[in-house]
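Engineer: Here the protein sequences come in this chain order: E and C. Residue numbers for the first sequence follow the working numbering, so the first one is 1381 and each next one is one higher. Residue numbers for the second sequence follow the working numbering, so the first one is 269 and each next one is one higher. Here it is, the structure in full.
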Amino acid sequence: MRVRWYRRLSVRLAALLVVFIFAFELVSPHLYDAVYRTFGLPPIDAEVYVYEADDEAGTESAFFESGLEIFDEGGVRIADPADPTASDESATTEDADLVAEEFEAEEIPAGAFVMDEDQVRLETWLRWIVYLLVPLVIAVVFAWIISRAVTWRVSRLAGQAATTQIESADTAGALPGPFDARGHDEIAQLATAMNSMRSRATQLLDDLAEKDNAHREWVAQVSHDLRTPLTALIACMDRADTVLAEHGTDELRAQLGDVLVSARSDIDRVHTLAEDLFEVARLESAPQLHREPIPPGELLRQAVRGLKPLAVARGIELQLEIASQLPTIEGDGRLLLRATENLLRNALQHADAQIVASATVSQSSLLLRVLDDGPGFPTQAGGVQPPQAPTATTPRRSDSAGLGLLVAQRVAESHDGHLDVRNAGALGGAQVTIALPI
Amino acid sequence: MSSTAARILLVEDDARIRRELLDALRASGFVVDFSIDYNDASMSLQSDYDLILLDLGLPDGDGLDLCRSLRQRGREVPVIILTARDAPEQRVRGLDVGADDYVVKPFHMPELIARIRSVMRRSGRSVGPGRVQWRDLWADPDEHKAGRGETTFDLTPREFELLLFLLRFPDRTWTRDQLLNRVWGHDYEGDTRTVDLHIRRLRAKVEDEPSDPHYLNTVWGVGYRLSTEAGDA
């Protein structure tokens, strides 16, 4: 994140001005003092007289060349310095007098500094450099440093706040920070305040995660605890069957037979639900995969074999299509078997007459797919909704809570794959696919 | 079996399941005693039983410890674990401490009784040297040959050992570690993938359709077993 440009600019301009004045007042005179002698220039506070010798001489020589005699203000004739008739001595003396007289006319005080025009030009440049350029450079550099010193920490704070380490597993790592709170100024206070906010947020998130995990464990425990009463219930049903078979009259058998059969199928459904609930809770809290080599064909055949009796009972034809040369994958066989069975169970609930289960390879994925000829999934805008934890608004197929497909999805995801749910395929019903990376 | 009634010790803390199991087992002709917790079971195990049905989640201890201590004392009595814990590591642990089989709750009574009979059949049978046969599969350690019906397989020595071992304990689930220890030996420095590899090779020779095995079945998350039916409860 960047600090607003005008904020940075105003800080810089203010710093620029202040530093410029300081440099102008403190640095430049000393600097000038240090360098003026090098160029043979007068000190800064010296009185300076400019001797414009070239022009004067030029004018005079022009006069002499024209053959005219020229006189100074005192009426003394000025001799031509180039005239060979004039004696050397007198000429020299007169030259010296001339210079003295000219300057006398301007009243040069004692100790005054006389410069020629080259020196004047040099001095002008030097003054520009020393009094403007040098302070400006110093001001720019310092202004930049100062404004960075002020805005750098703010922008670093902002940068830290914007950075989220998504990779991090723990809650504290998922939050931005911690912020650098060194120093005692406002920015350090801000950083300290943000740090304490962060630790409170971490605490809250941890609490939430802990509650969520406790909740999942509780669900896992409850569904697990259901097994004991289910065992007893199944044992009761077994005994009822035995008693009915051994001691029941035909009439009683006719009456109770169907009741027992439907009671058994209900128990099976409760059992399946409890198992799915358990698996979802476990997969969402602490998925532990027991990887082993899995030939996909064997897995799918086993799943189909297990559900064949149900298919036969419902009069549904269950076809199996297994591609040749399928690669063996590494995965949790028990979970993948359960996921595949759930696909089949789901199809068995909704198919009219036909189900096709297939194992194929597409690109770099193994596809375990189940097609049915039922009514398909209810569609919404954007197609079929993927399975999700059941809520009041989750679309689902009639009487099912969609728990079975949710398990399949979680299993696929725990294997770095995904579950694809759609209405498509040759049979015109639902098509559910577990795609696993090979 | 029913003529000389087998004695079973049922260790189960849940009263309802215990009652149902007692009724069903007695109805099937077994003589059944029961223990309601770990200490009670330890006391009961002073006497001899033909089989122990062991619930793992006991109020005062873990059934696995009971099984382990039995084996450590050299007791060979067959143990079937009844468990609501169906996580693969639980099953593997159960088998690794010396249980003969496990049944996951909830189970159907006929299935449990079938398992009991199967385990007892195995335990009563000699597993010494000599030709073994199971269904149409056979292996002859003297001639170092194995086959199915009239055909003889072309097996490597290790494949033969593995098949012979499984043939001696049909219907019994073995973990990969157990197979590695029993077939390859305790000092074998291999990894369990060796077992997977040999099972795959063996399937290619034994099965009609290696990708749809009818003899050498995978018990997902646990290991392998030679059985007519794939999977388990």
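Even glycine gets a Cβ: it sits at the ideal position worked out from N, Cα and C.
Between C:D301 and the rest of its own chain, which residues show a CB-CB distance below 8 Å, the 5 nearest in sequence each way excluded?
Structural biologist: Position 33 of the second sequence, counting from 1, holds the residue named residue 301 of chain C. Counting only Cβ-Cβ distances below 8 Å, and skipping sequence neighbours, we find R275, I276, L277, L278, S312, Y317.
Engineer: According to the Cβ coordinates, are C:W402 and C:L484 closer than 9 Å?
Structural biologist: Indexing the second sequence from 1 puts residue 402 of chain C at position 134. Indexing the second sequence from 1 puts residue 484 of chain C at position 216. No. Outside cutoff.
Engineer: E:S1704 and E:I1818 - do their beta-carbons sit closer together than 9 Å?
Structural biologist: As a first step, residue 1818 of chain E must be located in the first sequence, where it is residue number 438. As a first step, residue 1704 of chain E must be located in the first sequence, where it is residue number 324. Against a cut-off of 9 Å, the Cβ pair of E:S1704 and E:I1818 comes out as no contact.
Engineer: In whole angstroms, what separates the C-alpha of E:A1541 from that of E:S1535?
Structural biologist: As a first step, residue 1541 of chain E is located in the first sequence; it is residue number 161 there, counting from the start. As a first step, residue 1535 of chain E is located in the first sequence; it is residue number 155 there, counting from the start. Computed Cα separation, rounded: 10 Å.
Engineer: Can you look up C:K413 in the DSSP assignment and give me helix, strand or coil?
Structural biologist: Position 145 of the second sequence, counted from the first residue, corresponds to residue 413 of chain C. In the structure shown, C:K413 sits in a strand (DSSP, three-state: E or B).
Engineer: Do E:P1422 and E:D1413 have their beta-carbon atoms positioned less than 9 Å apart in this structure?
Structural biologist: Mapped onto the first sequence, residue 1413 of chain E falls at position 33. Mapped onto the first sequence, residue 1422 of chain E falls at position 42. Going by C-beta atoms, E:D1413 is not nearer than 9 Å to E:P1422.
Engineer: Alpha helix (DSSP H) containing C:L293: first to last residue?
Structural biologist: Within the second sequence, numbered from 1, the residue matching residue 293 of chain C stands at position 25. Its alpha helix (DSSP H) spans residues 283-295.
Engineer: Spell out the partners DSSP gives C:S391 in its beta bridges.
Structural biologist: Taking the second sequence and counting its residues from 1, the one referred to as residue 391 of chain C is at position 123. Beta-bridge pairing links C:S391 to no other residue.
Engineer: Which bits of chain E does C:P374 rub up against, with CB to CB less than 7 Å?
Structural biologist: For this step, residue 374 of chain C is matched to residue 106 along the second sequence. R1607, L1610, T1611, I1614, H1651, listed in chain order.
Engineer: Please list, in chain order, the chain C residues whose beta carbon lies closer than 8 Å to that of E:T1582.
Structural biologist: Position 202 of the first sequence, counting from 1, holds the residue named residue 1582 of chain E. Those do not exist, as E:T1582 stays about 32 Å from chain C at its closest Cβ, beyond 8 Å.
Engineer: Could you give the distance in angstroms between the alpha-carbon of E:R1633 and the alpha-carbon of C:P356?
Structural biologist: Taking the first sequence and counting its residues from 1, one reaches residue 1633 of chain E at position 253. Taking the second sequence and counting its residues from 1, one reaches residue 356 of chain C at position 88. If you take the alpha carbons of E:R1633 and C:P356, they lie about 40 Å apart.
Engineer: Let me know if E:Q1499 comes out buried or exposed under the rule of 16 or more other beta-carbons within 10 Å of its beta-carbon.
Structural biologist: Stepping through the first sequence from its first residue, residue 1499 of chain E is reached at position 119. So E:Q1499 ends up on the buried side.
Engineer: Please name the residue, chosen from C:D368, C:S479, C:L322, that lies closest to C:E344 on a Cα-to-Cα basis.
Structural biologist: Translated into positions along the second sequence, residue 344 of chain C becomes position 76. Checked all of C:D368, C:S479, C:L322; the closest Cα to C:E344 is C:D368.
Engineer: On the three-state DSSP scale, how would you describe E:L1663?
Structural biologist: On the first sequence, position 283 is the one that residue 1663 of chain E refers to. The answer is helix: DSSP assigns E:L1663 an H, G or I state.
Engineer: Who does E:P1817 pair with in a DSSP beta bridge?
Structural biologist: Indexing the first sequence from 1 puts residue 1817 of chain E at position 437. Looking at the DSSP assignment, E:P1817 forms a beta bridge with E:S1745.
Engineer: Would the region 1689-1704 of chain E and the region 1734-1744 of chain E be scored as touching if the rule is three or more Cβ pairs under 8 Å?
Structural biologist: Segments in contact, yes.
Engineer: Less than 8 Å separating the Cβ of C:G489 from some heavy atom of the ligand ATP?
Structural biologist: As for the ligand ATP, it is missing from this structure, which has no ligand bound.
Engineer: Taking Cβ positions, are E:A1615 and C:I285 nearer each other than 9 Å?
Structural biologist: Indexing the first sequence from 1 puts residue 1615 of chain E at position 235. Indexing the second sequence from 1 puts residue 285 of chain C at position 17. Yes, Cβ-Cβ distance for E:A1615 and C:I285 is below 9 Å.
Engineer: Using alpha carbons as the reference points, say which of C:S315, C:P438, C:H482 lies closest to C:S383.
Structural biologist: Counted from its first residue, the second sequence places residue 383 of chain C at position 115. The residue you asked about is not Ser; residue 383 of chain C is Arg in the sequence shown. Ranking C:S315, C:P438, C:H482 by Cα distance to C:R383 puts C:P438 first.
Engineer: Could you give the first and the last residue of the continuous alpha helix (DSSP H) run that contains E:S1603?
Structural biologist: Here residue 1603 of chain E refers to the residue found at position 223 of the first sequence. Its alpha helix (DSSP H) spans residues 1566-1605.
Engineer: Confirm, please, whether the CB-CB distance from E:L1728 to C:W488 is below 9 Å.
Structural biologist: Taking the first residue of the second sequence as 1, we reach residue 488 of chain C at position 220. Taking the first residue of the first sequence as 1, we reach residue 1728 of chain E at position 348. For C:W488 and E:L1728, no; Cβs fall outside 9 Å.
Engineer: Taking only beta-carbon positions, decide if E:H1604 is within less than 9 Å of chain C.
Structural biologist: To locate residue 1604 of chain E, count along the first sequence from 1; it is residue 224. Closer than 9 Å: yes.
Engineer: DSSP puts C:T420 in a beta bridge; with which residues?
Structural biologist: Here residue 420 of chain C is taken as the residue at index 152 of the second sequence, counted from 1. DSSP, once it has assigned bridges, lists C:G415 as partnering C:T420.
Engineer: Please name the residue or residues paired with C:D323 in a DSSP beta bridge.
Structural biologist: By 1-based counting over the second sequence, the position of residue 323 of chain C is 55. The partner list for C:D323 (beta bridge, DSSP) reads C:L350.
Engineer: Using a Cβ distance threshold of 8 Å, determine whether the region 1740-1756 of chain E contacts the region 1789-1807 of chain E, with at least three qualifying pairs required.
Structural biologist: Yes, since at least three Cβ pairs between the region 1740-1756 of chain E and the region 1789-1807 of chain E fall closer than 8 Å, the two stretches touch.
Engineer: If you scan the region 401-486 of chain C from start to end, which runs of the alpha helix (DSSP H) of 4 or more residues do you find wholly inside it?
Structural biologist: Listed in chain order, the complete alpha helix (DSSP H) runs (minimum 4 residues) inside the region 401-486 of chain C are 425-436, 444-447, 461-474.
Engineer: Provide the residue span of the alpha helix (DSSP H) that contains E:L1785, from first to last.
Structural biologist: The residue you call residue 1785 of chain E lines up with position 405 of the first sequence. Its alpha helix (DSSP H) spans residues 1783-1794.
Engineer: From E:H1795 to E:Q1583, what does the alpha carbon distance come to, in whole angstroms?
Structural biologist: By 1-based counting over the first sequence, the position of residue 1795 of chain E is 415. By 1-based counting over the first sequence, the position of residue 1583 of chain E is 203. Roughly 31 Å separates the two Cα atoms.
Engineer: Less than 9 Å between CB atoms is the rule here; does C:M388 satisfy it with respect to chain E?
Structural biologist: Position 120 of the second sequence, counted from the start, is the residue given in the question as residue 388 of chain C. So no, C:M388 is outside the interface.
Engineer: What does a CB cutoff of less than 8 Å around E:L1785 pick up in its chain, not counting 5 residues either side in sequence?
Structural biologist: Residue 1785 of chain E sits at position 405 when you count from the first residue of the first sequence. So the list reads N1722, L1723, N1726, P1767, L1799, V1801, V1812, once near-sequence residues are dropped.
Engineer: So, is the C-beta of C:D464 closer than 9 Å to a C-beta in chain E?
Structural biologist: Residue mapping note: residue 464 of chain C aligns to position 196 of the second sequence, counting from 1. Chain E, which has a Cβ nearer than 9 Å to the Cβ of C:D464, makes this yes.
Engineer: Report the partner residues of E:G1711 according to the DSSP bridge assignment.
Structural biologist: If you number the first sequence from 1, residue 1711 of chain E lands on position 331. Paired residues: E:E1672.
Engineer: With C-beta atoms as the reference, is E:I1709 less than 9 Å away from E:P1676?
Structural biologist: Working through the first sequence from its first residue, we reach residue 1709 of chain E at position 329. Working through the first sequence from its first residue, we reach residue 1676 of chain E at position 296. Yes. Within cutoff.
Engineer: Give the DSSP-derived three-state secondary structure of E:F1757 in the structure shown.
Structural biologist: The count along the first sequence starts at 1 and reaches residue 1757 of chain E at position 377. Residue state, collapsed to three classes: coil.
Engineer: Taking its Cβ as the centre, do 16 or more other Cβ atoms sit within 10 Å of E:G1539, making it buried, or is it exposed?
Structural biologist: Translated into the one-based positions of the first sequence, residue 1539 of chain E becomes position 159. It counts as exposed.
Engineer: Check each candidate in C:L293, C:E280, C:L289 and name the one with the smallest Cα separation from C:I304.
Structural biologist: As a working note, residue 304 of chain C is residue 36 in the second sequence. Selected option, being the one with the closest Cα: C:E280.
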